[in-house]
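Throughout, our numbering is defined as the position within the sequence shown, counted from one, plus 23. Note that the Cβ used here is the ideal one computed from N, Cα and C, for glycine as well. Down below is the structure, laid out as structure tokens.
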Amino acid sequence: MTTRLTRRRPRDFREWQTLRQWGKLPQRESQQPGYLLRTIRQSAGLTQNELAERLSITQQAVSQAERWNANPTAELMFSWALACERQLELCFNPNLGR
């Protein structure tokens with residue numbers, strides 16, 4: 024039986040971003056949807072308010088979507104990518120968990 028260690032607290036964005044850039048981020052943490060959305064927004068040079076206007080949602084909704092434990096819908100992620108002039112690709116890994 025394998026015991027999976029989990030973090031007791033989420034990483035803050037700066038720590039996550041730095042570890043990701045250095046290639047030191049654990050694989051299971053590398054695809055945090057909320058932090059990836061924040062990275063996309065920042066690389067597009069948009070504030071939360073500017074993105075909220077483009078998506079016709081509130082700034083608070085943008086802030087919530089960018090959190091560690093966010094669980095955004097595929098529809099929101101596609102809209103987000105378009106608003107940031109990026110492309111989003113979703114893929115399914117049939118080997119995950121094996």
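Legend entry - Backbone CA spacing between Ala93 and Gln87 [nearest angstrom]: For the purposes of this step, residue 93 is taken as the residue at position 70 of the sequence shown. For the purposes of this step, residue 87 is taken as the residue at position 64 of the sequence shown. Here the C-alpha atom of Ala93 lies approximately 7 Å from the C-alpha atom of Gln87.
Inset, instruction - Rounded to whole angstroms, what's the CA-CA distance from Leu75 to Arg61? Just pull it up for me. - result: The residue labelled residue 75 in the question sits at position 52 within the sequence shown. The residue labelled residue 61 in the question sits at position 38 within the sequence shown. Correcting the residue identity first, residue 75 is Ala in this sequence and not Leu. Using only the alpha carbons, I get a separation of about 12 Å.
Legend entry - Among Thr81, Ser79, Arg51, Val85, the one whose alpha carbon lies nearest that of Gln65: Along the sequence shown, one-based indexing puts residue 65 at 42. Put simply, of Thr81, Ser79, Arg51, Val85 the residue whose alpha carbon is nearest the alpha carbon of Gln65 is Val85.
Inset, instruction - Report all residues from its chain with a CB closer than 6 Å to the CB of Arg77; omit the five preceding and five following residues, and keep chain order. - result: If you number the sequence shown from 1, residue 77 lands on position 54. Only Ala106 meet the Cβ criterion.
Legend entry - Sequence-distant residues of the same chain with beta carbon closer than 7 Å to Glu98, five excluded per side: Locating residue 98 in the sequence shown gives position 75, counting from the first residue. Excluding positions up to five away in sequence, the list is empty.
Legend entry - Nearest-angstrom Cα separation, counted from Asn116 out to Glu73: Walking along the sequence shown from the start, residue 73 turns up at place 50. Walking along the sequence shown from the start, residue 116 turns up at place 93. As the crow flies, the alpha-carbon of Glu73 is around 34 Å from that of Asn116.
Inset, instruction - Go to Phe36, then tell me how far its alpha helix (DSSP H) extends in each direction, as first and last residue. - result: Working through the sequence shown from its first residue, we reach residue 36 at position 13. Boundaries of the alpha helix (DSSP H) harbouring Phe36: 36-45, taken from the DSSP string.
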